[in-house]
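Residue numbers (the numbering used here): 35 to 166.
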């Protein structure tokens, strides 16, 4: 949690990865709450392990749970893009639609949904340093 807080305070957006097989877990709730508290302005969701779920209704139920949880913590749950896929399938090079193409779709959603911030280029470079 400490590492997440340190990094999240500077983030312009994030990817929330949720297991389709398990649904939102207590740690998922913590990550959403922390993202809200440190001011992460935008999230996208990757619903992972969809290859382990045979029932499309169960996938819809997990998606609904995630959207409700996001809304509970004041993110626009109904608007946040959710990409379904399998990271393991992408790594192993199997089921291209569920694997590689889902990762490509996720990256496209990140590019489209999370705005590119305008950074001042005429100011000095600042970098946080910790535990020296």
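Heads up, the beta-carbon is just placed ideally off N, CA and C, and yes, glycines get one too.
{"query": "Taking C-beta to C-beta, are residue 66 and residue 144 nearer than 9 Å?", "result": "no"}
{"query": "Along the alpha helix (DSSP H) that carries residue 66, what are the first and last residues, could you check?", "result": "60–71"}
{"query": "Suppose contacts are defined by Cβ-Cβ distances below 9 Å. Is residue 116 in contact with residue 92 by that definition?", "result": "no"}
{"query": "With respect to the alpha helix (DSSP H) encompassing residue 77, which residues constitute its N-terminal and C-terminal limits?", "result": "Taken as a continuous stretch (DSSP letters only), residue 77 belongs to no alpha helix (DSSP H), being part of the beta strand (DSSP E) at 77–82."}
{"query": "With burial defined as no fewer than 16 other Cβ atoms inside 10 Å of the residue's Cβ, what is the status of residue 133: buried or exposed?", "result": "buried"}
{"query": "From the DSSP output, in three-state form, read off residue 120 for me.", "result": "coil"}
{"query": "Is there contact between the stretch 51–62 and the stretch 71–87, where contact requires at least three CB pairs shorter than 8 Å?", "result": "yes"}
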